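Here's the structure, in structure tokens; my notes come after.
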Amino acid sequence: MNMVNDLERRFRGKGISNLTVYIIACYVIGYALSLFAPGLLMYLYLEPAYILRGQIWRLVTWVLIPPESLDIFTIIMLLFYYQLGTALERTWGEFRYTLYILSGLVFTVIGAFLLYFVTGQSVMGLFSTYYVSMSIFLAFAASYPDMQVMLYFLFPIKIKWIAYLDIAFLIYDAVTAARMGYWGRIVAIVASLLNFIVFFFSTRNMKRYSPKEMNRRRTYQKAVSRAQAQRITKHKCAICGQTEEDNPDLEFRFCSKCNGNYEYCQNHLFTHKHIK
Numbered sequence: 025m026n027m028v029n030d031l032e033r034r035f036r037g038k039g040i041s042n043l044t045v046y047i048i049a050c051y052v053i054g055y056a057l058s059l060f061a062p063g064l065l066m067y068l069y070l071e072p073a074y075i076l077r078g079q080i081w082r083l084v085t086w087v088l089i090p091p092e093s094l095d096i097f098t099i100i101m102l103l104f105y106y107q108l109g110t111a112l113e114r115t116w117g118e119f120r121y122t123l124y125i126l127s128g129l130v131f132t133v134i135g136a137f138l139l140y141f142v143t144g145q146s147v148m149g150l151f152s153t154y155y156v157s158m159s160i161f162l163a164f165a166a167s168y169p170d171m172q173v174m175l176y177f178l179f180p181i182k183i184k185w186i187a188y189l190d191i192a193f194l195i196y197d198a199v200t201a202a203r204m205g206y207w208g209r210i211v212a213i214v215a216s217l218l219n220f221i222v223f224f225f226s227t228r229n230m231k232r233y234s235p236k237e238m239n240r241r242r243t244y245q246k247a248v249s250r251a252q253a254q255r256i257t258k259h260k261c262a263i264c265g266q267t268e269e270d271n272p273d274l275e276f277r278f279c280s281k282c283n284g285n286y287e288y289c290q291n292h293l294f295t296h297k298h299i300k
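Structure, rendered in structure tokens:
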């Protein structure tokens, strides 16, 4: 995680703002295509065999493939994921959240190519954004473990217990796939959730990324910035406004011919117009 922290310090504020909105927009486009141009979807799937033959747009367009059929529960889930992603972006910052999502997409593409090279078989339909979306939920549950949600709009439950249940289903799904020899499904699950594994299981101190701690750090940084901006300086040039903080090598002198306590830097001490 030291590399992630170094990148965040270097590229702070360089992430994609409101990234969750773009993710939801991709789903909306995918659902629109499934309704009005379903045949076009076949040209959008992540398929290394076709990518190696020149259809490089599949490296990106597979994110348009909707993970589930469109119904009222899907709409509710999309709104739910919008709230989760937006909260994570506010907690982590734009750069870290963008890196988290993009790494999940990149790992998925890498997993698809590895599976194709090992088996030589088509991976059409195996890889989608379903597990990438789940990684958003797992990241939120790891950051807000004690937040309560209304299960089926009736039962209050802490989000960490839902996350444990999802992880149990994922493990069961992977074990079942292994018993049936569906190794491609296992690769799809691991590759899509590898960003969660890297971000959280390689972090020893999870409290550092809790909402309370992240808010405390932002508040401290703002306070330090305000203190630096309000720092009182001993010398300030009446012409250019430079102080010893701007250039420690500058020399400052008061002008005896000016009425008042006017101080000038060495560049303007003998060239300024005297104030009478």
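Count along the sequence shown from 1, add 24, and you get the number used in our numbering.
For glycine and all other residues, C-beta sits at the position ideal for the given N, C-alpha and C.
Since we're looking at a predicted model, the values are computed, not measured.
Rounded straight-line distance, which links the Cα of residue j to that of residue i
i	j	result
G205	T110	38 Å
F193	D270	59 Å
I99	E268	59 Å
D30	G117	14 Å
A166	L64	38 Å
Y46	L218	21 Å
I183	M174	9 Å
V133	Y154	14 Å
F35	F294	44 Å
F137	L178	43 Å
E287	H259	7 Å
L108	I40	16 Å
T115	K300	56 Å
R203	F141	22 Å
I125	N42	12 Å
E71	I53	20 Å
G284	Y168	59 Å
P272	K38	32 Å
F97	Y106	14 Å
W185	G78	45 Å
W81	A201	30 Å
P180	R33	38 Å
Inter-residue CB distance, residue i and residue j (contact presumed, cutoff 8 Å)
i	j	result
F161	A187	7 Å
L112	A163	6 Å
G149	Y69	6 Å
I89	S152	5 Å
L139	V211	5 Å
Other residues of its chain near residue i: CB distance less than 6 Å, five sequence neighbours each side excluded
i	result
C289	C261, Q266, L274, F276
S159	G128, L217, N219, F220
I191	none
D170	K182
H296	I263, Y288
Candidates the options: closest to residue i by CA position
i	options	result
V130	A215, L31, M148, C282	A215
W207	P272, G135, D190, S167	G135
S146	V45, I181, L76, M101	L76
I195	Y105, I96, R209	R209
I213	R203, A198, A202	A198
Y55	T200, E92, G284	E92
V84	F97, Q172, Y67	Y67
D95	T44, Y51, L108, N42	Y51
F104	T44, G78, Q79, E71	T44
Chain-order list of residues whose beta-carbon lies under 8 Å from that of residue i (same chain, five-residue window excluded)
i	result
C264	C289, N291, H292
H298	C279, K281, C282
R228	With a pLDDT of only 49 at R228, under 50, the local geometry of the prediction cannot be trusted, and the value read off the model is given with reservation. Cβ within range, chain order: n/a, list empty.
Q172	P180, I181, K182, I183
Close Cβ partners of residue i (< 7 Å) along its chain, the five nearest in sequence each way excluded
i	result
L102	I48, Y51
L189	none
Chain D contact for residue i (CB, 9 Å cutoff)
i	result
W185	Considering every chain present, this structure includes no chain D. It has just one protein chain.
**Validate contact between the segment 114-122 and the segment 49-63 using beta carbons, cut 8 Å, 3 pairs** = no
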